[in-house]
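Trainee: Each residue of the sequence shown is one higher than the one before, counting from 81 in the numbering used here. Glycine is no exception: its CB is placed at the ideal position from the N, C-alpha and C atoms. In this text, all values refer to a predicted model and were calculated from it rather than measured experimentally.
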Amino acid sequence: MYPAKIAEFIDHNLQATRYFLNEDMKKHTTFKTGGPADILIMAYTIEDLQKLISFILKEKIPYIVIGHGSNLIVGDKGIREPVIKLEKNLSKCTVTGEVIEAEAGALLTDVAKLAQKHALTGLEFACGIPGTIGGAVFMNAGAYGGEIKDVLEEVLVLTRDGKLKVRGVRELNLGYRTSIMQKNGDLIVKAKFRFQKGEQEAIQKKMDDLTRRREENQPLDFPSAGSIFKRPAGHYTGQLIQEANLKGYKIGGAQVSLKHAGFIINTGNATSSEIVKLIRHIQAEVKKRFNVQLETEVKMIGEF
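1) If residue 165 sits next to residue 137, beta carbons under 8 Å apart, how far is it from one beta carbon to the other, in whole angstroms?
2) Starting from the C-beta of residue 218, find all residues in its chain whose C-beta is less than 7 Å away, skip the five residues before and the five after it, and write them out in chain order.
3) For the region 100-120 and the region 155-171, state whether three or more C-beta atom pairs, one from each stretch, are separated by less than 8 Å.
4) Which of helix, strand or coil does DSSP assign to residue 58?
5) Quick test of your reading: residue 232 and residue 249, contact by CB under 8 Å. State the CB separation rounded to the nearest angstrom.
6) Rounded to whole angstroms, what is the Cα-Cα separation between residue 321 and residue 327?
7) Is residue 379 closer than 9 Å to residue 220 when the C-beta atoms are compared?
8) Cutting at 6 Å between CB atoms, please list the residues of its own chain near residue 174, excluding the five before and the five after it.
9) Suppose you measure from the CA of residue 96 to the CA of residue 192; what does that come to, to the nearest Å?
10) Taking the straight line between their C-alpha atoms, what separation do you get for residue 336 and residue 366?
11) Got a sec? Which residues, its chain only, sit under 7 Å from residue 236 by beta carbon, not counting five neighbours each side?
12) Would you kindly work out how many angstroms separate the C-alpha atoms of residue 312 and residue 185, rounded to a whole number?
13) Answer yes if the region 283-291 comes into contact with the region 199-210, meaning at least three C-beta pairs across the two stretches below 8 Å, and no otherwise.
14) Count the other CB atoms within 10 Å of the CB of residue 105; is the residue buried (16 or more) or exposed (fewer)?
15) Taking all protein chains shown into account, do 16 or more other C-beta atoms lie within 10 angstroms of the C-beta of residue 374, making it buried, or fewer, making it exposed?
16) Helix, strand or coil, according to DSSP, for residue 296 in the structure here?
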């Protein structure tokens, strides 16, 4: 019902929007698992995106927004709600002095490279984080001591009533892997970052060093969603999982990485259900042995 109604609206009203019916979500997540989405939509302008969201809200249709799919597990039975994807289709960036404005679909790694090219320092930590600007702001992504909130100045959002609004960074309640957007339903459309002037060579060296550390310590050769769990206060997640003797533990094609126990990898033929079963097993074992409740960082969507 939803796909036909939305497809008709797009065909008649949106010139810069494409849609795909019965779209395989394996192509849209870094885990390479999940069933089909009834309809996946890609708007190529903010104007089209606003019209699309306004129509969906008017029709009271529930919807899901994704970016690069690097922090997602999609159910094996797929997704019935329309999926709006913001990635390369909405990824323009502009540089003005020490400010970079990036649309939500721009890849975080590309913006980090753009900052380096213009000798702007502050985003080096993000050079290897897979994901989009929208997803990075939504989760307040971070690594190696840096977080998005350190360089973010403001965002342009589509509110739940379909209006565009600018929100300053202080309004966003950015914390460890959390933001107000996770609660209020605002859709991030564009982000504005302010940096410090630095030296290109020094910035590149730091990015190279962090990339080398990632390659040495993370299982980048396998499909995964990065760190599965948030870091519990006073503990290191990977260490807890390793001390629970779960390093290398496998359910079907899903395995706790031998390289970094904080990662679950798809060894080639994993299903989303197997990944979720492995997550639940890890949580139960760590709780039983150390009385620590591991909270997932990844989001689960669709039907399992």
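Mentor: With the given structure in hand:
1) The Cβ separation is near 18 Å, so there is no contact.
2) 259, 261, 262 and 268
3) yes
4) Beyond the ends of the chain as shown, which are 81 and 384, falls residue 58; an answer cannot be given.
5) Right, the Cβ-Cβ distance comes to about 5 Å (below 8 Å), so this counts as a contact.
6) 7 Å
7) No Cβ-Cβ contact shorter than 9 Å links residue 220 with residue 379.
8) 181
9) Rounded to whole angstroms, residue 96 to residue 192 spans 27 Å at the Cα level.
10) 13 Å
11) 244, 246, 269 and 270
12) 30 Å
13) yes
14) buried
15) In this structure residue 374 is buried. Its beta-carbon is surrounded by 16 or more other beta-carbon atoms within 10 angstroms.
16) helix
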